[in-house]
Each structure stands twice: as structure tokens, then as C-alpha cells.
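Participant: Sharing a structure, written as C-alpha cells. Questions coming.
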Amino acid sequence: MSEGKSLQAFSQPSELLREAIRIVEAVLFASHEPLSLKQLRLYINEDLDIHDVMEHIHRDYSARGVNLTKVDNGYAFRTASDLGFLLRSEREVTKKLSKAALETLAIIAYHQPVTRTEIEEIRGVAMSRGTLDLLMEADFVKPGRRRETPGRPLTYVTTVSFLDHFGLERIADLPGLKELKDAGLLENLAQNISVQEELALTQQKDQDDN
0 MSEGKSLQAF SQPSELLREA IRIVEAVLFA SHEPLSLKQL RLYINEDLDI HDVMEHIHRD
60 YSARGVNLTK VDNGYAFRTA SDLGFLLRSE REVTKKLSKA ALETLAIIAY HQPVTRTEIE
120 EIRGVAMSRG TLDLLMEADF VKPGRRRETP GRPLTYVTTV SFLDHFGLER IADLPGLKEL
180 KDAGLLENLA QNISVQEELA LTQQKDQDDN
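Residue numbers for the sequence shown follow numbering that gives the first Met the number 0, beginning at 0 and rising by one.
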């Protein structure tokens, strides 16, 4: 779409576009989770561009108490960032985590995908059996793929709800992630995992040859 056409659409939205904006607003407010453009497109006239609809909504809500926010690959209405402090105490009560759970969550967020054993190695202490269950119950963590190492241990990763709760669009937006990578802390774990997987493949090949 040309710049001139886009500006005209913003200044004089058609009746069809206005109705699509109302529909998408209603769908987003009613949804309990972020919705993708593909999902939202199903609710509007096929002659309309969903991107135009989202641009109008984003502009209309930019100065309000709630903003249209991108979360992972979806969109949702969320409290404006400068008003977040008003709800912070309530959110802390509803999803209050222990120190051990917070440490575990931070490790998973920065090192994912990571196994239970790797979490314990990073923390330096054994992990309570219920810690991961608590994080999964809070919908911050979910099981990931299995490692290609002996025993094929399960890994853990963060969820879209984790991004949503902490106001992140993607994992790369985690504070200090770049600094951790620059210091080689994340790469060291990745290299260790790579060595373990290579060893497992070698052992499997030896077993197959025998």
C-alpha cells in the first residue's frame, strides 16, 4: 500500500473499515490470550487488509489507559506501560512465587531450553520436586523437546504467558540478555549441551555397530 493511500485510509476510514475495527476490538477484549493476525483476519471482510485495521487500533489506543501490544506472534490489549504500577501489587499476589521458584524461572528464561539437571547445576543446589510444577501451574513454564543425550531428559522453556506477564514481546527483550551473551555465559552452556549430544550420538552409533 502506498503512503498516500495509507494516509487517506487513516483520515477517512470507510464504513466497512470502521466496522472491522469495532469487530477486532471486541474480539481482542473478549480473548484471554493474544491472537495472531491469521486468527483476527477470520473476523473481517476478505477485501480488507488486517494490517490496516491493526494500525488504526494501535493509533487510536496509543494514548489511552490500555494499548494494543504485540506479544510473541499475537496481539492483545494491555495496560499502558506507564500505568502498570497500579496493577503490580495485585499481580504479585495472584502469582506470588518463592525465591527458589523465581531463581528457577530466571534460569529457564535465560538458558532455555534447559533440563532439570542443568538448572540444579546452575543454581548449585538440588531443586524441590514441586518447583517446576508451581511454575507450570502459573503457566510461566512448559515442557520443551527432549535432549539427544543418554536418558533423553526433558527440557523446559518459557510460555507466551510468561512474556505477557512480564511485558515482553520476545525472549530477546529480557533485560541483560545481550550482556550475558557477550560474556559467553549462555554460549558456555550451549557448548556443554552440544558436547553431551555429540557424545550421545557417538555412543548410539557404537551400539548400532555392535
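The beta carbon of each residue, even a glycine, is placed where N, CA and C say it ideally should be.
1. Should Gly-73 and Leu-47 be called a contact, given that it needs their Cβ atoms to be closer than 8 Å?
2. What distance in whole Å lies between the Cβ atoms of Arg-151 and Pro-112, which are believed to be in contact at a cut-off of 8 Å?
3. Taking all protein chains shown into account, do 16 or more other C-beta atoms lie within 10 angstroms of the C-beta of Asp-51, making it buried, or fewer, making it exposed?
4. Within the stretch 73-150, note down every full beta strand (DSSP E) run reaching 3 residues or more, in order along the chain.
5. In this structure, how does DSSP classify Leu-39 when only helix, strand and coil are distinguished?
6. At a cut of 8 Å, does the stretch 117-124 reach the stretch 133-142 through at least three beta carbon pairs?
7. So the candidates are Met-126, Asp-81, Ala-79, Ser-80; which of them puts its Cα closest to the Cα of Glu-102?
8. Would you report the Cα separation of Pro-174 and Ala-100, rounded to the nearest angstrom?
9. Based on Cα-Cα distance, which residue from Ile-170, Leu-96, Pro-149, Glu-168 lies nearest to Met-135?
Facilitator: On the basis of the supplied data:
1. No, they are not a contact pair.
2. Approximately 13 Å separates the beta-carbon atoms of Pro-112 and Arg-151; this is outside 8 Å, ruling out the contact.
3. It is buried - the Cβ of Asp-51 has at least 16 other Cβ atoms within 10 Å.
4. If only complete runs of 3 or more residues are kept, the stretch 73-150 shows the beta strand (DSSP E) at 73-78, 140-145, in order along the chain.
5. In the structure shown, Leu-39 sits in a helix (DSSP, three-state: H, G or I).
6. No, they do not touch.
7. The residue with the shortest Cα to Cα distance from Glu-102 is Met-126.
8. Taking C-alpha positions only, Pro-174 is separated from Ala-100 by approximately 19 Å.
9. By alpha-carbon distance to Met-135, the top candidate from Ile-170, Leu-96, Pro-149, Glu-168 is Leu-96.
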